[in-house]
Every structure is written in C-alpha cells, then in structure tokens.
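Inspection log for the structure reproduced underneath, given as structure tokens.
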Amino acid sequence: MSNITVNSLVRKFGAVTAVDGISFSVEPGEVFGFLGPNGAGKSTTISILCTLLAPTSGEASVGGFDCVRDADAVRRSIGIIFQDPTLDNGLTAFENLLFHAYLYGLDRRTARKRIDDALSLVGLSGRKNELVRKFSGGMKRRLEIARGILNYPKVLFMDEPTIGLDPQTRNMIWEFIRELKKNTGITVFMTTHYLEEAEFCDRIAIIDTGRIIASGTPAELKAGLQGDTLKLSAIDPNGLMMEIREKFGMEPKITDGGITLTVKQGDEILPALIKGLSTKITAVSMTSPTLNDVFLSLTGKNIREEGSDPYGPVRSYVRHGGH
Amino acid sequence: MANLAHEIKAIYVISYRELKKFIRERSRIMGTMARPILWLFVVGGGMSRLVRPVGGVSYTQFIFPGMIGMTILFASIFSAISIVWDREFGFLKEILVAPISRFSVVVGKAMAGTSISMLQVLILLIFVPVLGIKLNVLQFLLLFVSSGMLAFSLTCFGILVASRMTSYEGFNIIMNFLVMPMFFLSGAMYPVKLMPPVLREITYANPLTYGVDGLKNILLAGASGTPMGPEYPALVDFAVVAGFLAVTAVLSNLSFRRAA
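Structure follows, in structure tokens:
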C-alpha cells in the first residue's frame, strides 16, 4: 500500500488556483521529490498533506489515513521540516526537542533517550544545552531534522530542506537523508527547486502552475529528452564531420572549431567514435541533460535558482533582531 | 480527545515553555515589575501628599489592589500576545501540526499566562508589609484565587484578541486602545464613584473593574462605604469575573480554532 496517495487534489485561494488537480502516490521507503519553481504549488501540497490546510476538492491520505477525516492519525505518523525555521530561539536545543517529544506524547525516559540519539545523529550533541539563538542556519536546520524524526514518523516531509544553506551543510543533510532511508526505511516527501537535489530522489514529479507536468525517476525523465550532447574539437572539422557521416551514419553539426552531436547513449557511443575515427581529435566533451533541460523542454522556462524569496532576507533579519 | 494523558502533557509543556522563557529573561521580570513599583511609590507616594487618608486608607494603600489588577492585566495580555510572536517566527506551525487538540493549545497558553501573572502577583505581595496592609492566611488564599481567576480570564481575552491579529504591528493599537483604557477605567487609580458620569458608565462595563473591586474587598474591607473602599459586595465581583472567565474561555477557543 502506498504511503502517500493524492487524488485530483485542488486548492484554491480566492480566484487563484494554487494546486490544480494533481494525483500521485509515494511508496513506502521512497524518496519522492516535488520539483518546480516558486509558486508552483509545492508548499500548498505539503500543507494539505500535513493537515494544516484543507483541500478545496480531491483526496489526500498519508500513512493510510485521510488528511481531512483522520487528521490526528496523520499528524501522529508524520515528521515535518518546514521551509522557514520553526524553532524557538529562546529555548536550548534540548528544550526544543523535549517540547516536541511531549507534544507527541512520548514519556520522559523515551524522550531523553531519543533526543540524545537524534542529536548525535545530526552532530549536535555538544550543543545540547545551548540556546538556539546562537546557532548558525545550518545548525538550526540539522536540529529541525533531529526534531522531525523524534516521533519515529512513517513519512518525513521536507519543504525545501536545504534552501539558503552552504554546499557543505547541504551535502551533509543529503548524506543524512540517505542514511536515514537505509537504516529506517522511512518515506521522504520533499519539495525543492534545486535541480541537483532532485537528482537524489528515487522519483520526482515536476510541478508547474499547480499541475504535475511529468513524473518518473530522474533517469527516466532525462531519457525522455533527445540525449547527451557530444562535442568533438578538431583542426579539420569538415573532415571530421564527413568521416562521422560516412562511418557512423550520423549528422553532426559544425560548430566553432569542431562538431556537436546529439545521441541517446553518449557514454557508449563516445569510446566507439574515438576508436573508429582517423581524423585527429584535439578535445572531447560530453554533457548529459539536466533536470533543468527537462523542465525547460516541458515548460519553455528555467527553474530559477536564486532570488527565490524576495522577503527571505528581510524576514530573517527581523527574526534575528526582534527575538 | 482520545488520550487524556497526552493532552495534559501537551498543556503542561506549552505552559512550561512560556514560564521557562519568562524566568530565563531576567530583564523581562525586572521590566514588568518596575511598572507597578513606580506607580505604587512614585505616583502613590506623591498623591498621598495631596489626598488625605479616608476610612484609614492612604492613597498608596488604595491603589495597591489596582496595581495587582494592572500587573495581571499586562502580564496576561502580553503572554497571550505570544501567539502572534509564535506565528511570526513559525513556531506556531510546530504546535499546530502536533497530534493534540486546539483546545489543549488554548488551555496551555491560558495556563502559561495565568502562572506568569501569578508569579508577578506573588512578587508584588512582598510590598504588603511596607504599605502597612495586613494580610492573614484566609485573605491571602482569597487573593490568590481571585487573582488566578482574573489572570486566566484576561489571558483568554488576550488569546481571543491575538488570534485575530495577523501581524505584530497591531500590538500598539491593542496597547493604546484596549489595555491602557482598561487599566485607567477600572477604578485602579481613582474611586469609580467619583468619576465623571460618562467615564463611570464605561468603567462599569469593564470586567477588570470587578476584578479590582474584588481585590479591594479582600484588602481594603475596613474602608467599606467610603470612596476608598470596595464598591460592590464581594459576591457581585466574584460573579462578574466568573462570568467573564466563562465567556472568554469559550470565545478564545472558538477564535483560535478559526484562526489556526
């Protein structure tokens, strides 16, 4: 049975349709990614799945429980890492986790044990009794992850888990998710607009203006494109082109100082080409399609990487100054 | 409410968090305690030179019940406003996705406001001997119970207001147009009987008036019948505060559920 099932889900905010009839399912143990630009409907979907928002129509269930009728059972079986920080800066790391543990009904002894385990898992054991106010952005994120797994959820939701983090912390968090998945078989549902991040997912759905426009494994989605681009440089590009046309029956394009070819399996064709050609080649390069290429070919636009939340810096400034 | 023990634990931890933060921030305790002490000794001390004692009660003694009322009012409303902070800083989401009822969240917040208020009332009671007010065990218990009821109802009232506030900018409006008038028009500073008619009518409509009057009944019973003494029988004060508590308890729950 699927851990998340979503059927013709719609959510409207007044005249705006944020989620426009999406359907998908996530199997147990899967890392499922929602990839799309800001305002595509990712966070709205997460909010519905987490029971924070009621759908306008359609159905959603998590862990076998309906998100509307059985909200309490859903809440008990999930962990969430929200896009914006939701820690209490005036409490210590331990206190934040203890608060969470009690909200989820853990007893004192179990809570303490799990808190120690979770803190060491995210490498924050040494900071246990420090006020969260003193934590860096990366540390806060790690603490939130520790908190998210404290109640041993069946499904872990992560809304843009690595947004605004440095590459090192980003890698660490990915490493952690992979370990978690291997050791606990947890189901992870995440949203992202980072393409590298989506590549880590078992399966992804590409979402734009409230609709799922493609879904599958990252490899499947990329295979749907024409393929890899090979670029061969040569002193005699014309000769090279002729030779490839004759020997391999392909139609290369002449570019500046060489030729380019679009092929399905670049990694297999490239060695064969080099072996079979007598024209002198001076340089070789191959680029595989990225998820951005997939997104581009489906929507005709790029997923913006930066400048995602124009108010983000302001909000975080207010947060630091005001509390 | 499938699991009562779980809900109680949640109520406990929600109020524990606020109390812990309050105690941790020493400057906040100093700040909140400075206000009644200033009123009591600077304003009260000054006014005592102008206003003769009536019925054996000096002006400073007269405003003491009002200072307890003010302390409760400010502490309770401030504590309830933390909901707006929690929303602003995202922490409210952490509470709202937890498998606990909205009712427990409101009760937890109300308990938090009540305990913070009561803590301050207890600190304020240190000044009882200095002010020459006598307090026996029964009076102390009555004071504790009435303050507790007033604190709980005012926190619920604050939650009712806070769940309708979408940003922290509304805070000044609440302070200037709600909290300050509630304080000044409660009989805390001057006897209600001696107020101009229009203000007197407003004062009669203010639930805090009855809270303060109840405290006067406990602390200034000797001055009954004079302008410095309590105005209503203790039972009337008790009934009004209890009614206010019941109404705010229900409305705060409805309002929070709708906003959350």
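Protein sequences appear in the order of chains C and B.
Once you know that position 174 of the first sequence is 177 in my numbering, the rest is easy, because the numbers rise by one and skip nothing.
Once you know that position 227 of the second sequence is 251 in my numbering, the rest is easy, because the numbers rise by one and skip nothing.
For every residue, glycine included, the Cβ atom is placed at its ideal position computed from N, Cα and C.
If the five residues before and after residue 31 of chain C are omitted, its C-beta is found closer than 6 Å to the C-beta atoms of 6 and 190, all from its own chain and listed in chain order. Contact annotation: residue 108 of chain B and residue 186 of chain B have beta-carbon atoms nearer than 7 Å. Ranking B/48, B/94, B/128 and B/81 by CA distance to the CA of residue 30 of chain B puts B/128 first. Annotation for residue 211 of chain C: the continuous beta strand (DSSP E) segment containing it runs 206-211.
Sixteen is the threshold: since fewer than 16 other Cβ atoms of the shown chains lie within 10 Å of the Cβ of residue 116 of chain C, the residue is exposed. Around the beta-carbon of residue 16 of chain C, fewer than 16 other beta-carbon atoms lie within 10 Å, marking it exposed.
The residue among C/169, C/155, C/102 and C/67 with its C-alpha nearest the C-alpha of residue 186 of chain C is C/155.
Within the segment 71-88 of chain C, the residues whose Cβ lies closer than 7 Å to any Cβ of chain B are, in chain order, 75, 78, 79, 83, 85, 87 and 88. At a C-beta separation below 8 Å, residue 105 of chain C has these neighbours in chain B: 33, 34, 36 and 37. Taking a contact as a CB-CB distance under 8 Å, the pair residue 96 of chain C and residue 210 of chain C does not count as one, their CB atoms being some 34 Å apart. Taking 9 Å as the Cβ-Cβ cut-off, the segment 108-129 of chain B approaches chain C at 109, 110, 112, 113, 114, 115, 116, 117, 118, 119, 120, 121, 122, 123, 124 and 125, given in chain order. Taking residue 49 of chain C as the centre and dropping the five residues before and after it, the same chain places the C-beta of 160, 162 and 194 closer than 7 Å to its C-beta, in chain order. For residue 45 of chain B, the chain C residues whose C-beta falls within less than 9 Å of its own C-beta are 91, 93 and 94, listed in chain order. For residue 214 of chain C, the enclosing beta strand (DSSP E) begins and ends at 214-219. Residue 41 of chain B is classed as buried because its beta carbon has at least 16 other beta carbons within 10 Å across all chains shown.
With 16 or more neighbouring CB atoms inside 10 Å of its own CB, residue 106 of chain C falls in the buried class. Using a Cβ-Cβ cut-off of 7 Å, residue 108 of chain C counts as an interface residue toward chain B, since at least one Cβ of chain B sits closer than that to its own.
Under the three-state reduction of DSSP, residue 119 of chain B is assigned to helix.
When CB distances to chain B are screened at a threshold of 9 Å, not a single residue of the segment 212-227 of chain C falls below it.
When rounded, the separation of the alpha-carbon atoms in residue 57 of chain C and residue 200 of chain C is 29 Å. Here the segment 196-211 of chain B does not lie against the segment 144-154 of chain B, with fewer than 3 beta-carbon pairs under 8 Å apart.
Contact annotation, residue 98 of chain B with residue 177 of chain B: C-beta distance approximately 15 Å; criterion of less than 8 Å not satisfied.
When Cβ-Cβ separations below 7 Å define contact, residue 102 of chain C makes contact with chain B.
Cβ contact annotation for residue 279 of chain C (same chain, cutoff 8 Å, sequence separation greater than five): 250 and 251, in chain order. In the three-state DSSP reduction, residue 115 of chain C falls in the helix class (H, G or I). Legend: CB atoms of the segment 44-58 of chain C lying less than 8 Å from CB atoms of chain B belong to residues 53, 54 and 55. In this chain, residue 62 of chain C is not harboured by any alpha helix (DSSP H); it is covered by the beta strand (DSSP E) spanning 60-65. Interface criterion not met: the Cβ of residue 52 of chain B is under 7 Å from no Cβ in chain C.
Exclusion of the five residues before and after residue 109 of chain C leaves 117, 153 and 154 as the residues of its chain whose Cβ lies within less than 8 Å of its Cβ. Residue 288 of chain C is bridged by DSSP to C/234. For residue 36 of chain C, the pairing in a beta bridge is given by DSSP as C/193 and C/207.
No Cβ-Cβ contact shorter than 7 Å links residue 173 of chain B with residue 81 of chain B. With fewer than 16 other beta carbons inside 10 angstroms of its own, residue 72 of chain C counts as exposed. At least 7 Å separates the beta-carbon of residue 238 of chain B from that of residue 244 of chain B. Nearest C-alpha to residue 91 of chain C among C/147, C/300, C/171 and C/231: C/147.
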